[in-house]
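What follows is a single structure, written as structure tokens, with notes after it.
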Amino acid sequence: MEKQKSVLIIFTGGTISMVQDSQTGALKPADLSKFHEFMPELFNSDVKVELLPFDPLIDSSDMNPPIWSKLANIIYDNYNSYDGFVVTHGTDTMAYTASALSFMLENLGKPVILTGSQLPVGVLRSDAKENLLTAIEIAAEQDEEGNAVVPEVCIFFEANLYRGNRCTKMNSEHFAAFKSYNYEPLAVAGVHIHYFQHLIHYCDLDKPLRLRTKIDQHVAILKLFPGISEQTVRAILNIEGLRAVVLETYGSGNAPSDLWLFEALQDAIKRGIIIVNKTQCVMGSVEMGRYETSLHLLQAGVLCGYDITTEALLTKLMYLLGENADNTDEVIRLLQINLCGEMTVE
Ligand code: ASP
Numbered sequence: 003m004e005k006q007k008s009v010l011i012i013f014t015g016g017t018i019s020m021v022q023d024s025q026t027g028a029l030k031p032a033d034l035s036k037f038h039e040f041m042p043e044l045f046n047s048d049v050k051v052e053l054l055p056f057d058p059l060i061d062s063s064d065m066n067p068p069i070w071s072k073l074a075n076i077i078y079d080n081y082n083s084y085d086g087f088v089v090t091h092g093t094d095t096m097a098y099t100a101s102a103l104s105f106m107l108e109n110l111g112k113p114v115i116l117t118g119s120q121l122p123v124g125v126l127r128s129d130a131k132e133n134l135l136t137a138i139e140i141a142a143e144q145d146e147e148g149n150a151v152v153p154e155v156c157i158f159f160e161a162n163l164y165r166g167n168r169c170t171k172m173n174s175e176h177f178a179a180f181k182s183y184n185y186e187p188l189a190v191a192g193v194h195i196h197y198f199q200h201l202i203h204y205c206d207l208d209k210p211l212r213l214r215t216k217i218d219q220h221v222a223i224l225k226l227f228p229g230i231s232e233q234t235v236r237a238i239l240n241i242e243g244l245r246a247v248v249l250e251t252y253g254s255g256n257a258p259s260d261l262w263l264f265e266a267l268q269d270a271i272k273r274g275i276i277i278v279n280k281t282q283c284v285m286g287s288v289e290m291g292r293y294e295t296s297l298h299l300l301q302a303g304v305l306c307g308y309d310i311t312t313e314a315l316l317t318k319l320m321y322l323l324g325e326n327a328d329n330t331d332e333v334i335r336l337l338q339i340n341l342c343g344e345m346t347v348e
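The following block contains the structure:
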């Protein structure tokens, strides 16, 4: 007889684990010991599930690097005891957590599926049930050899399974809250779940899972806008202890051609600050040197972010700076490489 699959569900919080107070109407964290009352199906399926709730459950606006690390550690410690993992999470910062976990869990050979909902689990029209049940099914899915079908950190939302480090929350209201603009979904769930194997990243199963939880938070995002002043740019680049900047540029990676901007960036780079060019467009890639307005960035020493999301670039910088504290050259080298499907380097 086939062995029953097992999935660990780590509840971090967010709307999915909230209920409406019958008296005040306000949303409050659910009592997860009574979760079976909201979702009896969870415990009657073919997959054996165990729940591990955070105490307290948090709104994902309160997520931060130490909690990413705690999550990665929980998965690492329980890695051999389960076939897959589901992380329920508020939608607001889910794409950051998914990106961070994709770097922290090196050589991941099992599914880690993040999901949540736009309506709380206890509400009749809630999307929680469908999202959670499908995420569990995906986390438990194996091929004939017993290997995970999607051994990646993913986000499942509405009908789509996305690579986690390619996602952005793009809708605060619709049930389809996420999009992976530069990479097709890894699977689509309708009557059946269709997996697109050619898009899935498979690690070398001979290599063990490695935990990489050192994080350096001395990073910043500098978003350009027409009229941005030298004072604003220099204020950010002069933050004490700053090690890296996500420079959000226009179109294919363009920026104003003012000399002061070139000088401010070049000066920061000479001081050892890493600056990466990330387009403000949600689709397409940075192509430095295509226009004169990006050539000067290249000359100043700004690096190319290709088609990476801001969420993935920010967390990749934190992770690379944390893991290679004294080796800026290595950080720069690894920034230009696709580590776990986070960007397409042509
Ligand atoms: N504010 C909530 C959170 O991100 C929204 C949600 O759960 O979707 O935790």
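Quick note, this note's numbering runs 2 ahead of the 1-based positions in the sequence shown.
The C-beta atom is built at its ideal place from N, Cα and C for all residues, glycine as well.
In this text, all values refer to a predicted model and were calculated from it rather than measured experimentally.
Residue i beta carbon near the ligand ASP (any heavy atom closer than 8 Å)
{"i": "Q22", "result": "no"}
{"i": "Q268", "result": "no"}
{"i": "I172", "result": "Checking the sequence, you will find Met at residue 172 rather than Ile. Not so, every heavy atom of the ligand ASP lies at least 8 Å from the Cβ."}
{"i": "A179", "result": "yes"}
{"i": "T117", "result": "no"}
{"i": "G15", "result": "yes"}
{"i": "S254", "result": "no"}
{"i": "M96", "result": "yes"}
{"i": "S101", "result": "no"}
{"i": "G92", "result": "yes"}
{"i": "Q219", "result": "no"}
{"i": "I396", "result": "As displayed, the chain neither begins before 3 nor continues past 348, which places residue 396 out of reach and without an answer."}
{"i": "S63", "result": "yes"}
{"i": "I69", "result": "no"}
{"i": "I11", "result": "no"}
{"i": "I18", "result": "yes"}
{"i": "Q120", "result": "yes"}
C-beta atoms of residue i and residue j nearer than 9 Å
{"i": "A100", "j": "I157", "result": "yes"}
{"i": "I271", "j": "V304", "result": "yes"}
{"i": "I217", "j": "M65", "result": "no"}
{"i": "V88", "j": "L134", "result": "yes"}
{"i": "G343", "j": "R168", "result": "yes"}
{"i": "P55", "j": "L34", "result": "yes"}
{"i": "G118", "j": "T17", "result": "yes"}
{"i": "P122", "j": "A32", "result": "yes"}
{"i": "Q191", "j": "N173", "result": "Strictly speaking, residue 191 in this sequence is Ala, with Gln absent from that position. Going by C-beta atoms, A191 is not nearer than 9 Å to N173."}
{"i": "E43", "j": "Q120", "result": "no"}
{"i": "S2", "j": "V155", "result": "Any property of residue 2 remains undetermined from this structure, which presents the chain solely from 3 to 348."}
{"i": "I223", "j": "T312", "result": "yes"}
{"i": "S47", "j": "E139", "result": "yes"}
{"i": "P210", "j": "N109", "result": "yes"}
{"i": "S8", "j": "E39", "result": "no"}
{"i": "V49", "j": "Q22", "result": "no"}
{"i": "A266", "j": "V221", "result": "no"}
{"i": "Y308", "j": "Q282", "result": "no"}
{"i": "L107", "j": "R245", "result": "no"}
{"i": "K2", "j": "L341", "result": "Because residue 2 is not part of the residues shown, which for the chain are 3 to 348, the question remains open."}
{"i": "Q219", "j": "P67", "result": "yes"}
Residue i versus residue j - alpha carbon distance
{"i": "L73", "j": "P113", "result": "14 Å"}
{"i": "R214", "j": "G166", "result": "17 Å"}
{"i": "D124", "j": "M20", "result": "Checking the displayed sequence, the identity of residue 124 turns out to be Gly instead of Asp. Taking the straight line joining both Cα atoms gives about 8 Å."}
{"i": "G15", "j": "M345", "result": "29 Å"}
{"i": "E294", "j": "Q268", "result": "17 Å"}
{"i": "Y185", "j": "I115", "result": "17 Å"}
{"i": "I277", "j": "I195", "result": "40 Å"}
{"i": "K280", "j": "T26", "result": "44 Å"}
{"i": "N80", "j": "L316", "result": "27 Å"}
{"i": "E146", "j": "H203", "result": "18 Å"}
{"i": "V151", "j": "C205", "result": "12 Å"}
{"i": "L322", "j": "I69", "result": "18 Å"}
{"i": "A302", "j": "L261", "result": "11 Å"}
{"i": "L226", "j": "A314", "result": "19 Å"}
{"i": "H91", "j": "F13", "result": "7 Å"}
{"i": "I230", "j": "L336", "result": "30 Å"}
{"i": "E325", "j": "R127", "result": "44 Å"}
{"i": "N240", "j": "F264", "result": "15 Å"}
Supposed contact pair residue j and residue i - C-beta distance, whole angstroms, cut 8 Å
{"i": "T95", "j": "S63", "result": "7 Å"}
{"i": "A142", "j": "D85", "result": "5 Å"}
{"i": "V284", "j": "Y183", "result": "5 Å"}
{"i": "F159", "j": "A179", "result": "6 Å"}
{"i": "Y164", "j": "L201", "result": "That pair is no contact at about 10 Å."}
{"i": "V288", "j": "C306", "result": "5 Å"}
{"i": "A97", "j": "T170", "result": "6 Å"}
{"i": "S259", "j": "H298", "result": "6 Å"}
Mind listing, in chain order, the continuous beta strand (DSSP E) runs of no fewer than 3 residues lying wholly within the region 47-100?
Complete beta strand (DSSP E) runs here, min 3: 50-60 and 86-90.
For a minimum of 3 consecutive residues, which ranges assigned as the beta strand (DSSP E) are wholly contained in the region 190-266?
Contiguous beta strand (DSSP E) elements confined to the region 190-266 occur at 195-197, 221-225 and 246-251, taking only those with 3 or more residues.
Would you list, in sequence order, the uninterrupted beta strand (DSSP E) runs of no fewer than 3 residues that lie entirely inside the region 88-157?
Secondary structure in the region 88-157: the beta strand (DSSP E) runs of 3 residues or longer, each lying completely within the stretch, are 114-117 in chain order.
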